[in-house]
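Numbering (the working numbering), first residue to last: 120 to 597. The beta carbon of each residue, even a glycine, is placed where N, CA and C say it ideally should be.
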Ligand SMILES: Cc1cc2nc3c(=O)[nH]c(=O)nc-3n(C[C@H](O)[C@H](O)[C@H](O)COP(=O)(O)OP(=O)(O)OC[C@H]3O[C@@H](n4cnc5c(N)ncnc54)[C@H](O)[C@@H]3O)c2cc1C
């Protein structure tokens, strides 16, 4: 019997696996998709929130502030791009100025460091393209930006290097209590585990209901975004929020860790949380709201749209508790879930210990990771990388300067990608202006060569997303 089974490998399952892999315990992560971070973790605003937004006394308030404080060192250790650029909540009226004051007071109560209320002119000195209509703003210097899928990958990869087992394309379909633990039914082999962690995102209410009386309902809410070319990144130096409302934190404008500009999201409840798509209505809403923050913003340099699904619930806080004997919910983790992830993982270990989980800590667990990123290397480092491995001398993605060496390294990493988008999330190829138009076919070739599979079997992303139908030239010759 396995010690701990984690259901779901978004950032929450990955962070829990990372923490647990430091103990002398067997850990299995069950993920229904063919890669990790395929849910909310790959499609969000990528902000490490400061923590002034959640109501004092909630789990969200405590874990957001604690998670924010942990993120910097963790990202340094795991070589994850993170930058504490600070955020503003902008007020456009006397009424909104009151909201800013309330957020300031909440933030102070929550223990957020360095908060200040600044005048509109002070804001525009720090971020010159902010609207002249802004009267004041809450400044939170501890807010940051991160690459969310890379964060989850780094946590999960490190857990795997510590001995955790990741089973992808493994959907949990049922759970029953057995002597000393649980039997977890999946579309593959069943798993028996002493302890179970539910980190199934928008499906976490369904997983909870398999073992305990119904306690909360996930109300999926879609958020849609524009990604702008790097040429637009100069427009925002900080994360620019508007005042939050019932539907969430509102439309923001922010630079990303890849030096793009991100604009969005809207918030719309949806019935079907799988494969969210962008709509003309959603994008029009984003444009209209963003114009308030930055009237000069245009969308000529938009290179991509995407949408993510929030796991909002009817309880208004994270659902983190012992749901049944030896069964922990890390459920309904909506925003600020990304910001709170490392603190939620510590909370999970604490709850497991309350349930009787008592293994020793490993003496020397792996807690660091290093990645080679050709585009950030000095000339000297590039020369050394190419002489060590000539594949580093062949640029595959011209927009992002990603080399064949990085792609091959990604394909042989602890959690190997099985799709072109999986390579993109690990190596950064296809992230640029042409969105993989140039490098996509080359990445298909490299995946096919390295995995020893036909190019016809290479996927774009999830299960069944084949790119090529047949070998047309061969047929023509015959
Ligand atoms: C539009 C939007 C904007 C956001 N912005 C921010 C932000 O700026 N800052 C912030 O802190 N937070 C933000 N969030 C919230 C943050 O993205 C989430 O809190 C976080 O990603 C949740 O991680 P998770 O692991 O719980 O869920 P997910 O990433 O959704 O992972 C759950 C995993 O469980 C798997 N799974 C589900 N059911 C099963 C099953 N039956 N068997 C096996 N596996 C299963 C799924 O495939 C998935 O991989 C935002 C969210 C959205 C949608």
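The alpha carbon of residue 273 has as its nearest neighbour, out of 553, 310, 198, the alpha carbon of 198. Around the beta-carbon of residue 463, 16 or more other beta-carbon atoms lie within 10 Å, marking it buried. For residue 184, the distance from the CB to the nearest heavy atom of ligand 1 is not below 6 Å. For residue 316 and residue 123, the gap between their C-alpha atoms comes out near 7 Å. With the rule of 3 Cβ pairs closer than 8 Å, the stretch 440–450 does not count as touching the stretch 377–384. Of the heavy atoms belonging to ligand 1, at least one sits nearer than 6 Å to the Cβ of residue 291.
Annotated as proximal: residue 537 and residue 153, with beta-carbon spacing under 7 Å. Residues of the same chain with a CB within less than 8 Å of the CB of residue 479, apart from the 5 flanking positions on each side, are 142, 143 in chain order. For the set 585, 534, 438, the Cα lying nearest the Cα of residue 559 is the one of 585.
Counting only the Cα atoms, residue 400 lies some 24 Å from residue 157.
Comparing C-alpha distances from residue 392 to each of 250, 416, 325 shows the shortest one belongs to 325. Residue pairing by DSSP places residue 450 opposite 438 in a beta bridge. Taking 8 Å as the upper bound for CB-CB distance, residue 474 and residue 314 are in contact here, some 6 Å apart.
The continuous stretches of beta strand (DSSP E) do not include residue 323, which lies in the alpha helix (DSSP H) extending over residues 323–328. When DSSP assignments are scanned along the stretch 198–274, the uninterrupted stretches of beta strand (DSSP E) that are 3 or more residues long and fall wholly within it turn out to be 206–210, 235–238, 255–259, 263–265.
With fewer than three CB-CB distances shorter than 8 Å, the stretch 479–495 does not count as touching the stretch 210–220. One Cα belongs to residue 330, the other to residue 299, and the distance between them is close to 15 Å. Going by DSSP, residue 481 is part of no beta strand (DSSP E) at all; its letter is neither H nor E. Taking 6 Å as the cut-off, the C-beta of residue 164 counts as close to a heavy atom of ligand 1. Between the beta-carbon of residue 357 and that of residue 245 there is about 7 Å, and that keeps the pair under the 8 Å contact cut. Residue 237 and residue 212 have their C-alpha atoms some 14 Å from each other.
In terms of Cα proximity to residue 342, the closest of 521, 203, 243, 425 is 425. Here residue 427 is near residue 162, since their CB atoms are less than 7 Å apart.
Residue pairing by DSSP puts residue 425 in a beta bridge opposite 344. For residue 151, the shortest C-beta to heavy atom distance toward ligand 1 is below 6 Å. For residue 145, same chain residues with a beta-carbon under 6 Å away, outside a window of 5 residues either side, are 121, 122 in chain order. In the three-state scheme derived from DSSP, where H, G and I count as helix and E and B as strand, residue 383 is classed as strand. The Cβ atoms of residue 388 and residue 338 lie closer than 7 Å to each other. For residue 557, there is no enclosing alpha helix (DSSP H), as DSSP marks it with neither H nor E. Using a Cβ distance threshold of 7 Å, residue 139 and residue 461 do not count as a contacting pair.
The alpha carbon of residue 539 has as its nearest neighbour, out of 409, 529, 579, the alpha carbon of 579.
With a cut-off of 6 Å, the C-beta of residue 179 is classified as distant from ligand 1, since no heavy atom of the ligand falls inside that distance. Taking all protein chains in view, the Cβ of residue 264 is crowded by 16 or more other Cβ atoms within 10 Å, so the residue is classified as buried. In this structure, DSSP gives residue 303 an extended state, which the three-state scheme calls strand. Remark: the C-beta of residue 350 is outside contact range of ligand 1, defined as less than 6 Å to any heavy atom. In this structure, the straight-line span from the alpha carbon of residue 294 to that of residue 374 is close to 43 Å.
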